[in-house]
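All remarks here apply to the structure that follows.
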Amino acid sequence: MGDEQKIKDIWGCSYIESEVELYPLQKWYNQLIDKKVSEIEVSDVLRMIRQNEFIDIAIQRAVKFLKENPFAGEMYEGELLEKMSTLERGALKQYIQELREVLGVALIKNKTYEWLDEEERKDFEKVIGYFLDKITAD
Numbered sequence: 001m002g003d004e005q006k007i008k009d010i011w012g013c014s015y016i017e018s019e020v021e022l023y024p025l026q027k028w029y030n031q032l033i034d035k036k037v038s039e040i041e042v043s044d045v046l047r048m049i050r051q052n053e054f055i056d057i058a059i060q061r062a063v064k065f066l067k068e069n070p071f072a073g074e075m076y077e078g079e080l081l082e083k084m085s086t087l088e089r090g091a092l093k094q095y096i097q098e099l100r101e102v103l104g105v106a107l108i109k110n111k112t113y114e115w116l117d118e119e120e121r122k123d124f125e126k127v128i129g130y131f132l133d134k135i136t137a138d
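According to full-length UniProt numbering, the sequence shown is numbered sequentially starting from 1.
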């Protein structure tokens, strides 16, 4: 998947059109398909996963973002990793090795990360453990 291709060109998508004003989700979709893969942001990836849209592109971008910052999120720290942990193992198959590395780094960095309280650290560690179990299960 070319990072400089627009989603609408990769998938052959059309804009949502309506006689009445579009709903916010429809507006987001129209904006999303007009973006190049390289322009997709963390907030887009989170919504793509929630809406089950263009999951392969969402995972590709999520892995990139998580390599840069395992605590990436829109509403709270660690949100992207947590959301990725909800995906089916089959969807993640192509990225298992990279995700293992990301999760290993996340475990190490979590020990010294400045969370607001210790409970957040423990919760994030549980997410990492759950995600590791999921991707290493046979």
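From the three backbone atoms N, C-alpha and C, an ideal C-beta is built for every residue, glycine too.
Query                                                                                            : Result
CA-to-CA distance, Leu32 to Asp44, given in whole angstroms                                      : 7 Å
Proximity below 7 Å, CB of Leu107 to CB of Phe131                                                : no
C-alpha distance - Val37 paired with Leu99, whole-angstrom precision                             : 20 Å
Contacting residues, own chain, Cβ-Cβ under 7 Å from Asp34 (five flanking each side not counted) : Lys6 and Lys8
Backbone secondary structure at Lys35 - three-state DSSP                                         : coil
Nearest residue (CA-CA) to Glu82, options Glu119, Ile49 and Glu53                                : Ile49
Asn110 burial status per 10 Å Cβ neighbour count (16 or more: buried)                            : buried
Proximity of Lys134 and Arg89 at Cβ, strictly below 7 Å                                          : yes
DSSP beta-bridge partners of Lys6                                                                : Lys36
Residue span of the alpha helix (DSSP H) that contains Gln97, given as start and end             : Ile96 to Thr112
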